[in-house]
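The structure appears right after this line, and notes come after that.
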């Protein structure tokens, strides 16, 4: 590392030049001070924020320009693989002790939990039955992938 003032060759951790007594900056990397690096980081963050803001504004303006039919078609394409609320609820009502409805929706952890509690005095079946009612009533409205349930 060289002195910022006189150019004298210095050690890596020297804070003050022994020749000209100029402070070198404690956290320098190469010839860049911490302030310069922080300023560069702030400029970079501003650029990223502008990109995201522009992307958001483009999406909003596109949605505002769409007709009702175009929005429906877009939603159908996005949610092509929606799972049925009725099927999930009925599976949970009748086979909930085995976690079948939750397996159908992709919640394998809950399904395994229901399956494991089935031998404990039928707790898994009661849990599954109540879960089925909640699914049918709309308390659970997304599958494990975050896609809304159909119906």
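In this note's numbering, the protein residues as written are 501 to 651.
We put the beta carbon where it would ideally sit given N, CA and C, even for glycine.
- Burial is judged here by how many other beta carbons sit within 10 angstroms of a residue's own beta carbon; residue 645 has fewer than 16 and is exposed.
- For residue 565, the three-state secondary structure derived from DSSP is helix.
- Annotated three-state conformation of residue 550 is helix, per DSSP.
- Its Cα nearest to that of residue 586, the residue 638 stands out among 514, 518, 501 and 638.
- In the displayed model, residue 510 falls within coil according to three-state DSSP, outside both helix and strand.
- In the DSSP assignment, residue 523 forms a beta bridge with 516.
- Here residue 640 carries a coil assignment [DSSP, helix/strand/coil].
- DSSP places residue 649 in no alpha helix (DSSP H); its state is neither H nor E.
- Annotation for residue 616: the continuous alpha helix (DSSP H) segment containing it runs 608-617.
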